[in-house]
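A short worksheet on the structure shown next.
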Amino acid sequence: MKVCCISAKARHGKDTAAEIIKDHLESLGNRVLITHYADLVKFVCTKFFNWDGQKDEKGRTLLQYVGTDVISSQRPSYWVDFIVDILKFFENEWDYVLIPDCRYPIEVTRMAENFNTSILRIERPNF
């Protein structure tokens, strides 16, 4: 399995790039997963804190509180370790895993410690 960590500023096309890459790789016969570190944060906020899924000021505050202020401050690798563990459990399920929400160095280094990992940085000039 190969992992590609996709990094960019907000609204620079990380998810769009992941979808384009996924379509191309699948056209070549590969099995591809797109996942996000934030998927688990959103699940926790929905199930444990009744988050309605809206990324308004209240929602963003809750996501930041749960994801960074509480969990990452106590266990910095928690979110990435969860993804690493899931990928290890299902290591033969996908040929490629694309992660289009890499923001912190630990999110890349932990993947690179465990998988054949590439980093894609997207820049959108004049945006």
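Numbering of the sequence shown is given in the numbering used here, commencing with residue 6 and proceeding in unit increments. A virtual CB, placed ideally from N, CA and C, is assigned to each residue, including glycine. These numbers were taken from a predicted model, which means no experiment stands behind them.
Pick out whichever of C9, N121 and E112 has its Cα sitting closest to the Cα of Y83.
Counting from one through the sequence shown, the residue named residue 83 turns up at place 78. Comparing Cα positions, the closest option is E112.
Excluding the 5 residues flanking P81 on each side, which residues of the same chain have their C-beta closer than 7 Å to its C-beta?
Numbered from its first residue, the sequence shown carries residue 81 at position 76. Correct list, in chain order: I111.
Excluding five sequence neighbours on each side, which residues of the same chain lie with their C-beta closer than 8 Å to the C-beta of H41?
In the sequence shown, residue 41 corresponds to position 36, counting from 1. The answer, listed in chain order, is I104, P105 and D106.
Which same chain residues, not among the five before or five after L68, have their C-beta less than 8 Å away from its C-beta?
Here residue 68 is taken as the residue at index 63 of the sequence shown, counted from 1. Its chain contains A43, V46, K47, C50, W56 and K60 as the residues whose beta carbon lies nearer than 8 Å to that of L68, once the 5 sequence neighbours on both sides are disregarded; these appear in chain order.
In chain order, what residues of the same chain have a beta carbon less than 6 Å from the beta carbon of D20, not counting five sequence neighbours either side?
Residue 20 sits at position 15 when you count from the first residue of the sequence shown. Excluding positions up to five away in sequence, the list reads P105.
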